[in-house]
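Working notes, beginning with the structure itself.
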Amino acid sequence: MGVSASLPVEDMPQSPPPWGLFDEKTNNKPEGYGPILYHAQNRKADGTFAIKKTLPTGEKSVVEVFVSGCKRGGKDKCAGYRKLIKTHMVADTPGGKEFEKLELENKYTWLTYDEYKHKVFSFAAGFDEFCDKIGQRNQSKKSFDRSKVVIYAETQIDWLACALGSLSRGLPIVTIYATLGEDGAQFAMNQTKAEVVICDAKLLKVLVNIVDKLPSLKYVVTMGDNMDEKLLAKLKKVKVISVTECMGLGAEIIKGKPDDYFKPGPDDLAVIMYTSGTTGAPKGVQMSHGNFVACIVSASRTLSIVQPKEGEKKKKSKSKNPDLPDNVFMACLPMAHIMELATEVVCVHGGVALAYGSPHTLTPSGVKLKVPESMGDAQLAQPTLMVLPPAVLEKVYSKIMEGVNEKALIKWLFNYALEQGERSIKSGEGIGASKIANAIVFSKPQQLLGGRVKAMASGSAPLAADLHRALQTIFCCPIRIGYGLTETMAIAVVGEWADYDFGVCGPPTESCMLRLHDWPDGNYLNSDVFNKKIGMPRGEILIGGPLVTLGYYQDPANPDPELDKKNKEDFFTDGNGVRWFRTGDIGQINRNGVVQIIDRKKDLWKGPQGEYVALSKIENILKLLQFVDNCMMYGKTGGAFPVAFIVPNEKALKAVAEEAGVTGAAGKSLADLCKDDKVNKAVKDLVNAHCKGAKMVAFEYPQKIHLCEDVWTPDTNELLTAQLKLKRPQIVTFYKDTIDKMYA
């Protein structure tokens, strides 16, 4: 086999380190604040620093960004979707329970920028007309006082169209996770006094159940097909129309007329995004139009790997399907999450087409996909750019490894090719195994995601370094980690394409700044840079600049003292007028000005000898085991040791059971395997060996392990958030009896 990397370093964007620079004049040692870190591009010729707040093309709002993107795009493809052929109810053979499976058309239907703009403005006009001129009635008010439009739907092509249509009439939108439940949805709708709810078929039942408890609701707009007429009939107290009907009505109104839309200012409210959280009522994060503009500024360097800057030659991606756009973003995550919504806005502005899908239909093994009739979304869209959370990447990797582990020769070749990729990175040659190894070993897994991916980004949770390293070689493309929160528009820190380190994020983006604040309780200090064993400043990450949002929404007529307190604790403005957010995450900054997330204040457990155990760090290590689908580490206050809760992969656990000598392992249920003594001992031995291999210290090892027969999900047992993050308090409550026995 050859030796050169499949993706040579010269084919990657070049930018020498350091990528982040400190402004040492801003160091505030007496109060525990380190110097402010900027992107290297923010340093001016005179040595001072200035962040970028505006676009060179002058757009000041999401609406203007959309219109200018459509003007540049014209007849190029903008957005695509798959038509639903039929919904099947398929019985689970062992239990007899039925599950919904979707038979989808095996091609994408595409709309051009011109067609999508017409769709948006048609909806806006029809929506305004149906809702008794709601836009016209509100435009004279301050943006925070205008009527709000709730979008309560899963990701689909009409979601963004409805959002843009509402904003083009001057109406802020409110986003609510599909998995937030009746109480959460009711709380958000009532707190914002929403007059309008745009709802899809899946969530219509929830809306019907709470409609009598929503005194401000006047209009319901249904999105998508397969609406239950019996449920619709129960919405007697409100006016009801479909998105399609709105567009038809609006198309007649705007026919032959020039584009007419409201132009919000950068400080106007654009979105109130309710976060699922883990405790208490959901919080609505207020985002301005200026926040979204800053987000686009922040993403411009990242997007350059697939899309050229103004005046550069267009970068094409080869595809056997001539109907596909040159560059495609796989739009499959919840749009009620800022990572997805912000990325889609960035793509519309940057000329990257949106292909709508779902994590449940992304690959042929998707749990919602009817196979063999339907192919995976990524196989058909052949995306060039993907943004996926670690939870989805872990599932993709697990599926790949299932096939690899079936045959010894394939496993040997696979590991050999991975080692080639490792050597390519270390030698500075580039990314991937040799071209021959890449073609022979990795072409099949690459086809799971369409075979055309140029770049991936991951965020919302830490991505384990070993998984990062393996996936980058398997898909032969750079994978970079982003860091941010809903409160900072998700994109405060992004890895540089020229940075080949693993387990790190990157420098601050060009429209924000970052600094560390000492956290003595956790022994994380800026002065750690002088500690020879550490050599880097450490502390709580604070993010400042135009990406920092407007705080948590409160009903002006009914203020919440606790929320008011949280606004004051989490957000503050310094003496220079810069707005900052305290993230609660612990980071360190290396000599290249690159941020690495190493801990979180809330994820630390203090052991009996005063030692701190970073629970999330251990979870990421355990997830690399083939039989671990998900896991949570837990340490009881005053307890002598940490424990682990593991949700096993059934197929991999059966392999463990067979290796352990369990009779008839292949025919046993997951519940039986989880209770089997031989299986539990084998799992404990494998975990201990894995922890030792990861060079964990002894007090970090989980001393007891519980194998969970219940799969953790955001909807069935609500043990995960919509972003698939752990709901730690709920998991602890769910397994309270087990925890008591573990610590008895």
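Position one of the sequence shown corresponds to residue 55 (our numbering), numbered consecutively onward. We treat Cβ as the ideally placed atom computed from N, Cα and C, and that holds for glycine. On a predicted model such as this, the values are computed, not experimentally measured, just so you know.
DSSP three-state assignment for residue i, whether helix, strand or coil
i      : result
Tyr170 : helix
Tyr231 : coil
Gly74  : strand
Met796 : helix
Ser194 : coil
Met55  : Reliability fails at Met55, whose pLDDT of 39 lies under 50, so the model's placement of it is uncertain and no value is given.
Tyr451 : helix
Gly638 : strand
Asn82  : strand
Lys722 : coil
Gln340 : strand
Ala335 : coil
Thr627 : strand
Ile545 : coil
Ser222 : coil
Gly538 : coil
Gly189 : helix
Cys685 : strand
Whole-number beta carbon distance between residue j and residue i, since they are thought to touch under 8 angstroms
i      : j      : result
Gly420 : Gly404 : With a Cβ gap of about 28 angstroms, Gly420 and Gly404 do not count as contacting.
Lys779 : Glu772 : Not confirmed; about 12 angstroms, so no contact.
Ala546 : Leu517 : With a Cβ gap of about 16 angstroms, Ala546 and Leu517 do not count as contacting.
Pro437 : Val382 : 5 angstroms
Glu564 : Val347 : Glu564 to Val347, Cβ: 13 angstroms. No contact.
Gly560 : Gly549 : 4 angstroms
Ile640 : Asp653 : 4 angstroms
Arg636 : Leu596 : 6 angstroms
Best match in the options for proximity to residue i [C-alpha to C-alpha]
i      : options                        : result
Ala611 : Phe198, Ser428, Lys137, Met143 : Phe198
Val667 : Phe753, Val786, Lys735, Asn703 : Phe753
Leu579 : Asn82, Pro70, Gly74            : Asn82
Ser514 : Met687, Gln642, Lys677, Thr775 : Thr775
Gly411 : Thr209, Ile350, Glu283         : Thr209
Met243 : Met440, Val682, Asn734, Asp609 : Asp609
Lys290 : Gly278, Val265, Cys386         : Val265
Lys422 : Pro110, Pro269, His142         : His142
Ala714 : Lys161, Asn734, Asp791, Ile392 : Asn734
Glu306 : Ile359, Met393, Lys173         : Lys173
Ser122 : Trp213, Ile90, Asp313          : Asp313
Glu154 : Val144, Asn160, Thr163, Ala798 : Val144
Leu679 : Gly605, Gln68, Asp279, Val701  : Val701
Ala178 : Gly88, Leu303, Ser194, Ala207  : Leu303
Val204 : Val116, Ala390, Gly88          : Ala390
Thr102 : Phe76, Thr108, Met277          : Phe76
Pro269 : Ala248, Ser723, Lys449         : Ala248
Tyr206 : Ile494, Thr767, Ala255         : Ala255
Leu138 : Glu152, Leu158, Ala552         : Leu158
Residue i vs residue j beta-carbon contact at 9 angstroms
i      : j      : result
Ala324 : Met301 : no
Gly576 : Leu658 : yes
Ser481 : Ala487 : no
Phe529 : Pro499 : yes
Gly475 : Gln433 : no
Thr627 : Leu502 : no
Ala519 : Ala133 : no
Phe681 : Val737 : yes
Leu221 : Val251 : no
Leu617 : Arg592 : no
Ile588 : Met686 : no
Leu214 : Tyr328 : no
Lys161 : Asp377 : yes
Tyr273 : Ile188 : yes
Arg200 : Gly224 : yes
Val119 : Val360 : no
Pro72  : Lys79  : no
Gly536 : Val441 : yes
Asp624 : Tyr606 : yes
Ala239 : Val260 : yes
Check: residue i C-beta below 8 angstroms from any heavy atom of the ligand COA
i      : result
Asp609 : Because no ligand of any kind appears in the structure shown, any question about the ligand COA cannot be addressed here.
Any chance you could list the alpha helix (DSSP H) runs of at least 4 consecutive residues sitting entirely within the segment 251 to 316, in chain order? 255 to 264, 283 to 286, 297 to 308
Can you list the beta strand (DSSP E) stretches of 3 or more residues lying completely in the segment 89 to 142, in chain order? 90 to 93, 131 to 135
Inside the segment 349 to 431 only - beta strand (DSSP E) runs reaching at least 3 residues: 382 to 385, 407 to 410
For the segment 449 to 523, which segments carrying the alpha helix (DSSP H) assignment without a break, of at least 4 residues, lie completely within its bounds, in sequence order? 462 to 481, 497 to 502
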